[in-house]
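Numbering (the UniProt record's numbering), first residue to last: 1 to 344.
Beneath this line is the structure, given in structure tokens, with notes to follow.
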């Protein structure tokens with residue numbers, strides 16, 4: 001009986017889910033590599049102009065940054081397609097692979113050290129992702145973009161969207177001017193909150209394009225174009241503040257924190273909008289949450305090892321990235337800089 005239940009479990013992964021899985025994995029490879037290439041471009045541009053973290057845009061004239069951006073765009077296109085085939089609760093957590101690639105490449109190329117516990121963190125991310133993949137829900141059957149619009153305009157999701165937009169405005173206009181350069185959570189908070197809305201719009205737009213290519217034209221519906229506008233607005237906002245975060249803080253810190261916040265909020269948004277958990281048993285939901293907690297544990301380890309020097313205890317606060325580049329510093333990059341502790 002047990003072997004039969006295993007076979008049933010594997011049969012339960014539809015062809016659409018498998019397509020989404022392959023696209024999501026390839027997306028993570030491209031995006032993980034793009035973090036490193038863009039970081040190299042940002043550092044090179046910052047050496048001859050105003051840094052992105054200080055409000056500069058000299059990186060737009062740096063070819064290396066554009067190579068990283070093109071790599072990220074390829075990854076995002078694959079990610080976009082993945083959402084058209086598989087539920088967000090399957091696709092989004094697989095971004096953990098991009099953390100692993102980013103951390104390993106940062107260790108090799110940027111000399112941002114990856115300790116043994118960081119390697120353990122990578123393993124935990126893989127285990128957690130595998131758990132989620134094996135227990136992900138089937139994709140919801142949708143026959144028109146108007147169905148997605150109806151889901152997006154239900155009171156629960158409208159309330160969530162209103163909370164997100166309010167929080168973003170508060171962060172941008174109140175917290176970023178004072179704390180953007182010293183607290184990594186400010187930039188990452190904006191990226192993650194906006195990202196949860198962008199994923200829902202990307203999924204809606206992906207479904208519309210998939211239906212259109214299958215012969216059911218969805219481009220005549222105004223809802224399709226509304227989702228497209230939301231996607232463009234959200235992606236541009238994410239790109240701007242992610243550049244600021246990457247230029248100000250260590251890549252191996254930005255990547256996992258961004259992943260954790262973005263994934264958590266995206267899963268929440270998907271559960272509210274697409275009601276993914278309505279199609280699952282309590283056992284499946286608990287298993288998925290265990291997989292997600294395993295991934296969070298892995299990202300936590302990846303982050304904490306950035307504060308470890310060989311043979312020395314970790315300090316609660318480390319020097320900033322720019323102090324490190326000027327020859328004063330250590331490996332780690334803080335969530336809060338030292339000079340922020342000097343103010344009363």
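Just so it is clear, CB atoms sit at the ideal spot from N, CA and C, and this is done for glycine as well.
It should be emphasised that the depicted structure is a prediction, and the values quoted were computed from it without experimental measurement.
Legend entry - Close-in-space but distant-in-sequence residues of the same chain around residue 258 (CB under 8 Å, 5 per side omitted): What you label residue 258 is simply residue 258 of the chain shown in a count that begins at 1. So the list reads 188, 191, 192, 242, 245, once near-sequence residues are dropped.
Inset, instruction - Excluding the 5 residues preceding and the 5 following residue 129 in the sequence, name in chain order all residues of the same chain whose CB lies nearer than 8 Å to its CB. - result: Taking the first residue of the chain shown as position 1, residue 129 is located at position 129. The residues are 93, 94, 96, 97, 291, 295.
Inset, instruction - Report the option in 127, 138, 300 whose CA atom is closest to the CA atom of residue 15. - result: For this step, residue 15 is matched to residue 15 along the chain shown. The shortest Cα separation from residue 15 among 127, 138, 300 belongs to 138.
Inset, instruction - Take residue 161 and list the residues in its own chain whose beta-carbon comes closer than 7 Å to its own, dropping the five residues that flank it on each side. - result: Against the chain shown, residue 161 aligns to sequence position 161. Cβ within range, chain order: 197.
Inset, instruction - Please determine if the segment 27-42 and the segment 69-81 are in contact, where contact requires at least 3 C-beta pairs separated by less than 8 Å. - result: yes
Legend entry - Beta-carbon proximity check, residue 117 vs residue 23, cutoff 8 Å: Taking the chain shown and counting its residues from 1, the one referred to as residue 117 is at position 117. Taking the chain shown and counting its residues from 1, the one referred to as residue 23 is at position 23. Against a cut-off of 8 Å, the Cβ pair of residue 23 and residue 117 comes out as no contact.
Inset, instruction - Mark residue 178 as exposed unless 16 or more other C-beta atoms lie within 10 angstroms of its C-beta, in which case mark it buried. - result: Locating residue 178 in the chain shown gives position 178, where the first residue counts as 1. Residue 178 should be labelled exposed.
Inset, instruction - Kindly provide the ranges of any alpha helix (DSSP H) runs that are 4 or more residues long and lie completely inside the segment 81-125, ordered along the chain. - result: 88-91, 96-109
Inset, instruction - Output yes or no for whether 8 Å exceeds the beta carbon distance between residue 80 and residue 206. - result: Residue 80 sits at position 80 when you count from the first residue of the chain shown. Residue 206 sits at position 206 when you count from the first residue of the chain shown. Cβ atoms of residue 80 and residue 206: closer than 8 Å.
Inset, instruction - Might you give, ordered along the chain, the residues of its own chain that have their beta carbon closer than 8 Å to the beta carbon of residue 124, omitting 5 neighbours on each side? - result: On the chain shown, position 124 is the one that residue 124 refers to. Once the five neighbours on either side are set aside, the close Cβ partners of residue 124 are 294, 295, 297, 298, 301.
Legend entry - For residue 355, the three-state DSSP class (helix, strand or coil): Coverage of the chain is limited to positions 1 through 344, which leaves residue 355 absent and any answer about it impossible.
Inset, instruction - Classify residue 174 as buried or exposed, calling it buried when 16 or more other Cβ atoms lie within 10 Å of its own Cβ. - result: For this step, residue 174 is matched to residue 174 along the chain shown. That one is exposed.
Legend entry - Cβ pair count under 8 Å reaching 3, the segment 258-270 against the segment 221-230: no
Inset, instruction - Using three-state DSSP, classify residue 249 as helix, strand or coil. - result: Stepping through the chain shown from its first residue, residue 249 is reached at position 249. The answer is coil: DSSP assigns residue 249 none of H, G, I, E or B.
Inset, instruction - Pick out the complete alpha helix (DSSP H) segments inside the segment 182-262, 4 residues or longer, and give them in chain order. - result: 184-213, 222-248
Inset, instruction - Decide if residue 248 is buried, meaning its Cβ has at least 16 other Cβ atoms within 10 Å, or exposed. - result: Here residue 248 refers to the residue found at position 248 of the chain shown. Per the 10 Å Cβ criterion, buried.
Inset, instruction - Under the assumption that residue 101 contacts residue 29 (Cβ atoms under 8 Å), give the Cβ distance between them as a whole number of angstroms. - result: Working through the chain shown from its first residue, we reach residue 101 at position 101. Working through the chain shown from its first residue, we reach residue 29 at position 29. At roughly 6 Å, the Cβ-Cβ gap stays under 8 Å, so residue 101 and residue 29 are in contact.
Inset, instruction - State the Cα-Cα distance for the pair residue 275 and residue 43, rounded to the nearest angstrom. - result: Here residue 275 corresponds to residue number 275 of the chain shown, with the count starting at 1. Here residue 43 corresponds to residue number 43 of the chain shown, with the count starting at 1. For residue 275 and residue 43, the distance between alpha carbons rounds to 43 Å.
Inset, instruction - Just mark residue 153 as buried or exposed, buried being the case when its beta carbon has 16 or more other beta carbons within 10 Å. - result: Position 153 of the chain shown, counting from 1, holds the residue named residue 153. Under this definition residue 153 is an exposed residue.
Inset, instruction - Would you mind stating whether residue 202 and residue 269 have Cβ atoms separated by less than 8 Å? - result: Working through the chain shown from its first residue, we reach residue 202 at position 202. Working through the chain shown from its first residue, we reach residue 269 at position 269. Cβ distance not < 8 Å, so residue 202 and residue 269 don't count as in contact.
Inset, instruction - Quick one: grab the DSSP three-state call for residue 279. - result: For the purposes of this step, residue 279 is taken as the residue at position 279 of the chain shown. In this structure, residue 279 counts as helix in the three-state DSSP scheme.
Inset, instruction - Measure the CB-CB distance between residue 170 and residue 136 and report whether it falls below 8 Å. - result: Your numbering for residue 170 matches position 170 in the chain shown. Your numbering for residue 136 matches position 136 in the chain shown. No, Cβ-Cβ distance for residue 170 and residue 136 is not below 8 Å.
Legend entry - Rounded separation between residue 212 and residue 181 - CA only: As a working note, residue 212 is residue 212 in the chain shown. As a working note, residue 181 is residue 181 in the chain shown. Computed Cα separation, rounded: 45 Å.
Inset, instruction - State buried or exposed for residue 155, treating a residue as buried only when at least 16 other CB atoms are found within 10 Å of its CB. - result: Start at 1 with the first residue of the chain shown, and residue 155 comes out as number 155. The residue in question, residue 155, is exposed, as its Cβ has fewer than 16 Cβ neighbours within 10 Å.
Legend entry - Beta-carbon gap between residue 354 and residue 141 smaller than 8 Å: No statement about residue 354 is possible, as the shown extent of the chain runs from 1 to 344 and does not include it.
Inset, instruction - May I ask whether a heavy atom of the ligand GTP can be found less than 7 Å away from the beta carbon of residue 274? - result: The ligand GTP is not part of this structure, which contains no ligands at all.
Inset, instruction - Give me the Cα-Cα distance between residue 119 and residue 107, rounded to the nearest whole angstrom. - result: As a first step, residue 119 must be located in the chain shown, where it is residue number 119. As a first step, residue 107 must be located in the chain shown, where it is residue number 107. Taking the straight line joining both Cα atoms gives about 11 Å.
Inset, instruction - Would you give the residue range spanned by the alpha helix (DSSP H) that residue 155 belongs to? - result: For the purposes of this step, residue 155 is taken as residue 155 along the chain shown, with counting starting at 1. That run of the alpha helix (DSSP H) goes 155-170.
Inset, instruction - Go to residue 151, then tell me how far its alpha helix (DSSP H) extends in each direction, as first and last residue. - result: To locate residue 151, count along the chain shown from 1; it is residue 151. Looking at the DSSP string, the run of the alpha helix (DSSP H) that includes residue 151 is 145-152.
Legend entry - Residue from 104, 64, 283 whose Cα sits closest to the Cα of residue 40: Here residue 40 is taken as the residue at index 40 of the chain shown, counted from 1. Taking only the C-alpha atoms, the option nearest residue 40 is 64.
Legend entry - residue 143 to residue 222 span [Cα, whole Å]: The residue you call residue 143 lines up with position 143 of the chain shown. The residue you call residue 222 lines up with position 222 of the chain shown. Each residue's alpha carbon lies about 16 Å from the other.
Legend entry - Residue closest to residue 271, alpha-carbon to alpha-carbon, out of 18, 87, 147, 48: Numbered from its first residue, the chain shown carries residue 271 at position 271. Closest by alpha carbon: 87.
Inset, instruction - Measure the C-alpha to C-alpha separation of residue 208 and residue 286 and round it to an integer number of angstroms. - result: For this step, residue 208 is matched to residue 208 along the chain shown. For this step, residue 286 is matched to residue 286 along the chain shown. Approximately 31 Å, taken between the alpha carbons.
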